[in-house]
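Enquirer:
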Amino acid sequence: MKDRVFLGLLIWALWMSPLLAQGVPDEERDQRQKSQKEKPPRIPDGPFVPKKGMFSREKGEFWAGPQDEGRFIQIMTLALLPQDQLNVKLQEWPMYQEFSEAQKTRLVERVGEFRIQSRKEALKVAKDFHLSVTPENEDAFVRDYWSERVATEKAIREQLSPMKKKLEAEAKERLEKQYKPKEAK
Numbered sequence: 146m147k148d149r150v151f152l153g154l155l156i157w158a159l160w161m162s163p164l165l166a167q168g169v170p171d172e173e174r175d176q177r178q179k180s181q182k183e184k185p186p187r188i189p190d191g192p193f194v195p196k197k198g199m200f201s202r203e204k205g206e207f208w209a210g211p212q213d214e215g216r217f218i219q220i221m222t223l224a225l226l227p228q229d230q231l232n233v234k235l236q237e238w239p240m241y242q243e244f245s246e247a248q249k250t251r252l253v254e255r256v257g258e259f260r261i262q263s264r265k266e267a268l269k270v271a272k273d274f275h276l277s278v279t280p281e282n283e284d285a286f287v288r289d290y291w292s293e294r295v296a297t298e299k300a301i302r303e304q305l306s307p308m309k310k311k312l313e314a315e316a317k318e319r320l321e322k323q324y325k326p327k328e329a330k
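Here the sequence shown is numbered in this note's numbering, starting from 146 and rising by one per residue.
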């Protein structure tokens, strides 16, 4: 029995020794080292990525936070435009002029990706609700669907804006009352 175990170990050692002597190829070693390095988490390229100045506030304004609450409306408005009108509309935007060519290209790509996704979503709604949308009127349906959605979003914002201002003012008063500055003696 001992002879069999010894013989098995000897055969295994002889068989493995040439493989171990070869070592690990440089490419594989580099891959192992790269995979062992700690990587920062990937930040997705999306609308909710925090940006520099995202929590800025105007002087005298109490609430900090993103000031571009109408972002969905802005992006959807761009996505509904034909490509030639999109370029004209972007040229009118002062911030667009400050972008590098790569940033301009990426923005147009992102609007295109958003356009494709919004089209899929609108057509999915048509299918889910058994609407009679044919290939001939798909474009019109997508445009009408999102135009109605944007109009609804704008109306909701207009209706809720006074309520939001009122609630923000009440919250500000509560915070100021609870954390009022200590009086100097």
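The C-beta atom is built at its ideal place from N, Cα and C for all residues, glycine as well.
Between which two residues does the alpha helix (DSSP H) carrying P326 extend?
Expert: For the purposes of this step, residue 326 is taken as residue 181 along the sequence shown, with counting starting at 1. Note, P326: premise wrong, no alpha helix (DSSP H); not H, not E.
Enquirer: Starting from L226 and walking both ways along the alpha helix (DSSP H), at which residues does that stretch end?
Expert: As a working mapping, residue 226 is identified with position 81 in the sequence shown. No alpha helix (DSSP H) holds L226; DSSP gives it neither H nor E.
Enquirer: Distance check for A247 and K311, CA to CA, integer angstroms please.
Expert: Position 166 of the sequence shown, counted from the start, is the residue given in the question as residue 311. Position 102 of the sequence shown, counted from the start, is the residue given in the question as residue 247. Each residue's alpha carbon lies about 43 Å from the other.
Enquirer: Is it right to say P195 is buried, meaning 16 or more other beta carbons lie within 10 angstroms of its own, or is it exposed?
Expert: What you label residue 195 is simply residue 50 of the sequence shown in a count that begins at 1. Reliability of the predicted coordinates at P195 is poor, the pLDDT of 44 falling under 50, and the value obtained from them is presented with this limitation in mind. Exposed: under 16 other Cβ atoms inside 10 Å.
Enquirer: Please report the residue range of the alpha helix (DSSP H) in which S245 lies.
Expert: Within the sequence shown, residue 245 is the residue found at index 100, counting from 1. Run containing S245: none; DSSP gives neither H nor E here.
Enquirer: Is the segment 258–272 touching the segment 235–250, taking contact as three or more C-beta pairs under 8 Å?
Expert: Too few Cβ pairs lie closer than 8 Å, so no.
Enquirer: Given a threshold of 16 other Cβ atoms within 10 Å of its Cβ, counted over all protein chains shown, does L276 qualify as buried or as exposed?
Expert: The residue you call residue 276 lines up with position 131 of the sequence shown. Under this definition L276 is an exposed residue.
Enquirer: Rounded to whole angstroms, how far is the Cβ of L226 from the Cβ of K234, which I believe are closer than 8 Å?
Expert: Residue mapping note: residue 226 aligns to position 81 of the sequence shown, counting from 1. Residue mapping note: residue 234 aligns to position 89 of the sequence shown, counting from 1. Contact holds; Cβ gap of about 6 Å.
Enquirer: Using 8 Å for Cβ pairs, my map puts E303 next to F217. What's the rounded Cβ distance?
Expert: The residue labelled residue 303 in the question sits at position 158 within the sequence shown. The residue labelled residue 217 in the question sits at position 72 within the sequence shown. Actually they are not in contact, since the Cβ atoms of E303 and F217 sit about 15 Å apart, beyond 8 Å.
Enquirer: Taking its Cβ as the centre, do 16 or more other Cβ atoms sit within 10 Å of L223, making it buried, or is it exposed?
Expert: Counting from 1 along the sequence shown, the entry for residue 223 is found at position 78. It is buried - the Cβ of L223 has at least 16 other Cβ atoms within 10 Å.
Enquirer: Where A316 and I301 are concerned, what is the direct C-alpha to C-alpha distance, given to the nearest angstrom?
Expert: Along the sequence shown, one-based indexing puts residue 316 at 171. Along the sequence shown, one-based indexing puts residue 301 at 156. Straight across, the Cα-Cα distance linking A316 with I301 is about 22 Å.
Enquirer: I believe V278 touches M221 by the beta-carbon criterion, under 8 Å. Please report the beta-carbon distance rounded to the nearest angstrom.
Expert: Stepping through the sequence shown from its first residue, residue 278 is reached at position 133. Stepping through the sequence shown from its first residue, residue 221 is reached at position 76. Actually they are not in contact, since the Cβ atoms of V278 and M221 sit about 19 Å apart, beyond 8 Å.
Enquirer: Taking DSSP as the reference, what is the three-state secondary structure of P195?
Expert: Here residue 195 refers to the residue found at position 50 when the sequence shown is read from its first residue. Confidence in P195 is poor, its pLDDT being 44 and thus under 50, which makes the residue's placement too unreliable to answer from.
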